[in-house]
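In structure tokens form, the structure reads like this:
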């Protein structure tokens with residue numbers, strides 16, 4: 018029997034997505050259900066949350082009314098408000114701007130690759146890393162997203178796909194924010210891979226970082242529990258240039274970053290993806306390509322070359338086709354696997370933070386929050402690797 022709460026109007030509602038299945042079943046037992054009944058209803062609620070199209074507790078129509086009413090009294094779903102959309106999935110990409118309960122805005126992108134659908138999620142409101150060509154990095158850091166707010170982005174796109182008879186197959190942590198500066202990123206990944214929740218295979222989840230050394234080490238140490246893919250936003254192979262493009266390099270320089278990746282590779286026996294945004298006259302020279310070859314020594318890696326998405330705050334231009342050929346020729350000569358990323362997001366402002374920046378510019382003239390300082394990098398022991406990488410990020414999404 019479900020006992021109704023009498024003082025719910027005086028309490029704030031709890032986040033239903035913050036509960037794992039065991040905690041949900043325990044809550045149902047605390048409300049007077051038998052263990053068997055709590056297990057059955059708990060799994061029914063879970064199925065609707067993660068595999069259905071519910072956007073609110075009130076939408077849990079498969080749950081008995083007494084249970085649903087009690088859930089309404091106690092819990093809410095952190096469903097963001099859909100503010101704007103750009104793109105067409107028939108053309109390969111859709112980007113949504115979402116508003117959170119506190120008024121913060123974040124972006125989520127859905128990418129279509131043949132029979133796969135990948136969701137690119139944000140992990141922070143803004144970003145403290147300050148990469149010069151990134152719209153989010155130029156807007157500064159506001160706050161971390163909770164694990165539920167990260168998962169809710171996947172569910173937002175999942176609801177849309179379910180209505181078309183499709184599902185989310187891949188998740189990439191490449192949206193707004195630095196995933197390894199938010200501890201809740203790991204909690205979100207655990208919920209995404211949980212076979213009782215979304216059940217996305219770890220090999221279909223990719224986390225991208227600008228190079229947060231302690232986070233890379235932690236990910237390596239968690240490799241058996243969370244064997245997901247790691248991508249490094251490198252963009253330059255000399256400290257002098259990377260200090261300019263990716264200010265985080267001043268905290269975690271290339272030598273420490275190489276050691277961290279070597280440790281990751283040794284622990285996981287997996288290769289890493291290297292992301293390189295090609296900027297005309299900046300990092301697309303044969304000299305930078307040769308420097309990249311030198312830096313990659315000992316690391317099994319696949320290089321993902323990304324044409325620059327121009328932003329109002331950065332005057333750089335995408336590399337030319339001729340210079341792209343020069344850069345890739347160096348990689349080919351040294352036998353480095355590489356791909357050129359499809360520019361699905363260019364026409365929908367899908368570069369990190371671009372839609373949010375456009376919306377902000379059109380609605381307010383507010384100032385950007387200041388960047389927050391970060392801790393210094395620890396030393397990491399260099400390790401060797403005996404395995405080989407086989408596939409690129411695009412292949413991971415498309416297969």
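Residue numbers (the numbering used here): 18 to 416.
C-beta atoms are modelled at their ideal positions from N, C-alpha and C, and glycine is treated no differently.
Here the structure is a predicted model, which means the values were calculated and not measured.
Own chain residues within Cβ distance below 7 Å of residue 176, not counting five before or after: Counting from 1 along the chain shown, the entry for residue 176 is found at position 159. Sequence-distant partners of residue 176 (beyond 5 residues in either direction) whose C-beta falls short of 7 Å from its own C-beta, in its chain, are 70 and 72.
Straight-line gap, residue 289 to residue 282 (C-alpha atoms, nearest Å): Position 272 of the chain shown, counted from the start, is the residue given in the question as residue 289. Position 265 of the chain shown, counted from the start, is the residue given in the question as residue 282. Taken atom to atom, the span from the alpha-carbon of residue 289 to that of residue 282 is near 8 Å.
Cβ-Cβ distance between residue 225 and residue 201 below 8 Å: To locate residue 225, count along the chain shown from 1; it is residue 208. To locate residue 201, count along the chain shown from 1; it is residue 184. By the CB criterion at 8 Å, residue 225 and residue 201 fall outside the cutoff.
From 48, 231, 337 and 39, residue whose alpha carbon lies closest to that of residue 56: To locate residue 56, count along the chain shown from 1; it is residue 39. Among 48, 231, 337 and 39, the Cα nearest to that of residue 56 belongs to 39.
6 Å CB neighbourhood of residue 53 in its chain, flanking five on each side removed: Sequence index remark: in the chain shown, residue 53 carries index 36 (1-based). The beta carbon of residue 53 is closer than 6 Å to none in its chain, skipping five residues each way along the sequence.
Residue range of the unbroken beta strand (DSSP E) whose run includes residue 80: As a first step, residue 80 is located in the chain shown; it is residue number 63 there, counting from the start. First-last for residue 80: undefined, no H or E at that position.
Straight-line gap, residue 253 to residue 355 (C-alpha atoms, nearest Å): For the purposes of this step, residue 253 is taken as residue 236 along the chain shown, with counting starting at 1. For the purposes of this step, residue 355 is taken as residue 338 along the chain shown, with counting starting at 1. Each residue's Cα considered, the two are about 16 Å apart.
6 Å Cβ shell around residue 306 - same chain, five flanking residues per side excluded: Within the chain shown, numbered from 1, the residue matching residue 306 stands at position 289. Listed in chain order, the non-local C-beta contacts of residue 306 below 6 Å within the same chain comprise 344 and 347, local neighbours out to five positions each way being set aside.
Residue 122 to residue 113 span [Cα, whole Å]: Within the chain shown, numbered from 1, the residue matching residue 122 stands at position 105. Within the chain shown, numbered from 1, the residue matching residue 113 stands at position 96. Cα to Cα, residue 122 sits roughly 10 Å from residue 113.
Integer Cβ distance of residue 293 from residue 323, believed to fall under 8 Å: Taking the first residue of the chain shown as 1, we reach residue 293 at position 276. Taking the first residue of the chain shown as 1, we reach residue 323 at position 306. Confirmed, Cβ separation roughly 7 Å.
Secondary structure of residue 245, DSSP reduced to three states: Here residue 245 corresponds to residue number 228 of the chain shown, with the count starting at 1. When DSSP states are grouped into helix, strand and coil, residue 245 belongs to the coil group.
Touch test, the region 186-195 against the region 220-235, Cβ-Cβ under 8 Å, three pairs minimum: Note that the region 186-195 touches the region 220-235; at least 3 beta-carbon pairs, one per stretch, sit closer than 8 Å.
Residue from 167, 124, 90 and 259 with nearest C-alpha to residue 100: Indexing the chain shown from 1 puts residue 100 at position 83. Nearest in C-alpha terms to residue 100, of all of 167, 124, 90 and 259, is 124.
Residue-level contact to chain D via CB, residue 201, 8 Å cutoff: Absent from the structure: chain D. Only one protein chain is present.
When 315, 81, 146 and 204 are compared against residue 275, the one with the closest alpha-carbon: Mapped onto the chain shown, residue 275 falls at position 258. Looking from the CA of residue 275, the closest CA among 315, 81, 146 and 204 belongs to 315.
Residue(s) in a DSSP beta bridge with residue 250: Numbered from its first residue, the chain shown carries residue 250 at position 233. Bridge partners of residue 250: 292.
Which of helix, strand or coil DSSP assigns to residue 100: Reading the chain shown from its first residue, position 83 is the one you call residue 100. Looking at residue 100 - three-state DSSP - the assignment turns out to be strand.
Under the three-state DSSP convention, the category residue 173 falls into: To locate residue 173, count along the chain shown from 1; it is residue 156. Correct three-state label for residue 173: helix.
Buried versus exposed call for residue 108 [16 or more other C-beta atoms within 10 Å across all chains shown]: Residue numbering aside, residue 108 sits at position 91 when the chain shown is read from its first letter. Exposed is the label assigned to residue 108, since fewer than 16 other Cβ atoms lie within 10 Å of its Cβ.
Whole-number beta carbon distance between residue 134 and residue 180, since they are thought to touch under 8 Å: As a working note, residue 180 is residue 163 in the chain shown. As a working note, residue 134 is residue 117 in the chain shown. The Cβ separation is near 13 Å, so there is no contact.
Identity of the residue in 263, 93, 262 and 149 nearest residue 169 by Cα: Residue mapping note: residue 169 aligns to position 152 of the chain shown, counting from 1. Of the listed residues, the one whose Cα sits closest to residue 169 is 93.
Endpoints, beta strand (DSSP E) assigned at residue 323: Looking up residue 323 in the chain shown gives position 306. Note, residue 323: beta strand (DSSP E), 318-324.
C-alpha distance - residue 218 paired with residue 209, whole-angstrom precision: The count along the chain shown starts at 1 and reaches residue 218 at position 201. The count along the chain shown starts at 1 and reaches residue 209 at position 192. Cα atoms of residue 218 and residue 209: separation of roughly 8 Å, rounded to the nearest angstrom.
Stretch-stretch touch, CB-based, cutoff 8 Å, three pairs: the region 252-271 with the region 136-144: Between the region 252-271 and the region 136-144, the count of Cβ pairs shorter than 8 Å is below three; the stretches do not touch.
Nearest-angstrom Cα separation, counted from residue 196 out to residue 166: Working through the chain shown from its first residue, we reach residue 166 at position 149. Working through the chain shown from its first residue, we reach residue 196 at position 179. Approximately 13 Å between the Cα atoms of the pair.
DSSP three-state assignment for residue 229, whether helix, strand or coil: By one-based count along the chain shown, residue 229 stands at place 212. Residue 229 sits in coil when the DSSP states are folded into three classes, being neither helix nor strand.
Pairwise C-alpha distance: residue 154 and residue 204: Here residue 204 refers to the residue found at position 187 when the chain shown is read from its first residue. Here residue 154 refers to the residue found at position 137 when the chain shown is read from its first residue. Their Cα atoms are separated by approximately 24 Å.
Close beta carbons around residue 291, own chain, < 6 Å, minus the five adjacent residues each side: Numbered from its first residue, the chain shown carries residue 291 at position 274. Once the five neighbours on either side are set aside, the close Cβ partners of residue 291 are 249, 251, 318 and 320.
Three-state secondary structure assigned by DSSP to residue 93: Walking along the chain shown from the start, residue 93 turns up at place 76. Strand.
Distance between beta carbons of residue 335 and residue 271, contact taken as under 8 Å: On the chain shown, position 254 is the one that residue 271 refers to. On the chain shown, position 318 is the one that residue 335 refers to. Contact doesn't hold; Cβ gap of about 24 Å is too wide.
Proximity to residue 277 [Cα-Cα], best of 260, 287, 266 and 229: Walking along the chain shown from the start, residue 277 turns up at place 260. Nearest of 260, 287, 266 and 229 to residue 277, Cα basis: 229.
Which of helix, strand or coil DSSP assigns to residue 112: Sequence index remark: in the chain shown, residue 112 carries index 95 (1-based). It is a strand residue.
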